[in-house]
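Colleague: Residues 290 to 704 in this note's numbering are what the sequence shown lists, from first letter to last.
C-beta atoms are modelled at their ideal positions from N, C-alpha and C, and glycine is treated no differently.
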Amino acid sequence: MNISDQREAIRMALDTLRANKLRSGLTILGIVIGVMTVITISSVINGLNGQVSGMVEAMGTNVLWVFRFPVIGVRPTTEMLTRKQLTMDDANAMAMLPHVSGVSPSLRYTNFQFNAGTVTAKWGTHKVESVSLEGDTASSKDVYDWDIHKGRYFNDGDQERTANVTVLGYDTANDLFGEEDPIGKEVQIEGLTFTVVGTLEKQKAAFGGGKNPQDNYAYFPITTFHKLHPEVLDYWISVKFDDQKNKALVIDEITDLLRRRRKVHNEQDDNFAIFGADSITRLWNQITGSLFLLMFGLSAVGLMVGGVGVMNIMLVSVTERTREIGVRKAIGATKRIILMQFTLEAITLCALGGVIGIMLGSILAFGLRYILSSTVSALWVLTAFICSCGIGLVFGIYPAWKAANLNPIDALRYE
């Protein structure tokens, strides 16, 4: 099939579209919806993947968390909830391991179910609701690589003196003090007065826009935290190790250490959990896997409906142009030329639907950037376009075959 035949087929397809605008529009509507769904959902997934990756990097790839039960992607059982709590001595023992460069035992007072605080912080007439409280050692700044926005982080001296000092998260400080310099100011938290010695830089939000709950925290030396909530003794231990290649070795060393300290028998399972940022990545991959199946299902339905519509309009087109096909065959058009022309016409119809779907999906994805993180992927744009053309090929073959096999004499007699 030469270039002139290809151009003629495309011209015929465009003529069909112009002659039957409403019918053609409805025909490719399924293609448009299917492709638009692919572009929109893939853009959202792609954008959120970037956000999650950034959040994981901010947490630190060389950091492990140790708790008495797993908290990422697992619903704790009764046995897990009744396990013995980790202690400060456990953290000190981990700090002595050869490849461990830092350990930070933490205590938190927050609503873990809703990932939000329950405390009010006050300064003069200003107050901030839903603040979470955390007690840390001075090493936590280095373990998490936190950046100080203003002032300083509390030190070992503050911890030894049980000083009434606090470091505020970015949102807590901003909502309380606005343009005022918070350093040296005194805030009231749960009936006690604390001097603000520093504030932290804003942390990345997990899913695009909005606030990160970690920015609405008040951090205290762990000894000071005990004055506020002596009943909270459930330590969350963060362990920073020296090199990513030693991760498996560090996990084995921590496991062996805790099994000995917690007197776990050889035949028993661990009564603690060790996990890292890769646990968040695995959980997110499970979620995106479900979203991908949803995207595949929705787009497949739309594309199938569009394909059936294309087959329908092509069969109608063959019937309407039976005499024209007879004339073309009478002047020398072969079966192969007729087959290729009608197939190319179906592909053109679907390609047009694909282009419209890509445009609409990209516009929608761009609009979603103000709500969710969304990034249009060139790979998915190409995939969606190829799929739309493939639908035209698959569903256009039968009408094209029917046209190619018309008897020229019978076709010329058709009225």
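(1) LEU465 to LEU481, Cα distance in whole Å?
(2) What does the alpha-carbon distance come out to for the pair CYS678 and SER419?
(3) Between which two residues does the beta strand (DSSP E) holding GLU705 run?
(4) Could you pull out every residue in the same chain whose Cβ sits closer than 6 Å to the Cβ of TRP525, ignoring the five residues on either side in sequence?
(5) On the three-state DSSP scale, how would you describe ASP531?
(6) Around the Cβ of ARG450, are there at least 16 other Cβ atoms within 10 angstroms (buried) or fewer (exposed)?
(7) Ignore the nearest five residues each way along the sequence and tell me which others in VAL392's own chain have a CB closer than 6 Å to its CB.
(8) Under the three-state reduction of DSSP, which class applies to ASN694: helix, strand or coil?
(9) Suppose only complete runs of 3+ residues qualify. What are the beta strand (DSSP E) ranges in the stretch 515-585, listed by chain order?
(10) Would DSSP call TRP435 helix, strand or coil?
(11) Quick check on the DSSP output: the beta strand (DSSP E) that includes ILE627 runs from which residue to which?
(12) Of the choices ASP445, ILE437, ALA452, whose alpha-carbon is the least far from that of GLY458?
(13) I'd like to know if the stretch 606-618 and the stretch 330-345 are in contact, where contact means that at least 3 CB-CB pairs between them fall below 8 Å.
(14) Is the beta carbon of VAL476 sitting closer than 8 Å to the one on TRP412?
(15) Going by Cα to Cα distance, which pick from LEU386, THR329, ILE626, CYS639 is closest to LEU546?
(16) For the structure I just gave you, are there three or more beta carbon pairs, one from the stretch 316-335 and one from the stretch 638-656, closer than 8 Å?
(17) Identify the continuous beta strand (DSSP E) that holds ILE503 and give its terminal residues.
(18) What whole-angstrom Cβ distance do LEU353 and PHE530 have, given they're in contact under 8 Å?
(19) Mind the definition here: the stretch 317-327 touches the stretch 582-591 only if three or more C-beta pairs lie below 8 Å; say whether that holds.
(20) Where are the beta strand (DSSP E) runs, 3 residues long or more, that stay fully inside the stretch 394-418, in chain order?
(21) Going straight from the alpha carbon of ILE540 to that of LYS516, what length do you get?
(22) Can you give me the Cβ contacts of ASP431 inside the same chain, cut-off strictly under 7 Å, excluding the 5 residues immediately before and after it?
(23) Apart from the five residues just before and just after THR414, which ones in its own chain have a Cβ nearer than 8 Å to its Cβ?
(24) How is ALA688 classed by DSSP in three states: helix, strand or coil?
(25) Tell me which residues share the same chain as TRP573 and place their Cβ nearer than 6 Å to its Cβ, disregarding the 5 neighbours each side in the sequence.
Modeller: In this structure, then:
(1) 16 Å
(2) 53 Å
(3) Any answer about residue 705 is impossible in this case: the structure gives the chain only from 290 up to 704.
(4) PHE356, SER395
(5) coil
(6) exposed
(7) ALA380, MET383, ALA384, VAL528
(8) coil
(9) 525-530, 562-565
(10) coil
(11) From DSSP, ILE627 is part of no beta strand (DSSP E) but of the alpha helix (DSSP H) over 624-657.
(12) ILE437
(13) no
(14) yes
(15) LEU386
(16) yes
(17) According to the sequence as given, residue 503 is Gln; it is not Ile. No beta strand (DSSP E) contains GLN503, which DSSP labels as neither H nor E.
(18) 7 Å
(19) yes
(20) 408-412
(21) 33 Å
(22) GLY391
(23) none
(24) Note on identity: in this sequence residue 688 is Pro, with Ala being the wrong assignment. Correct three-state label for PRO688: helix.
(25) VAL341
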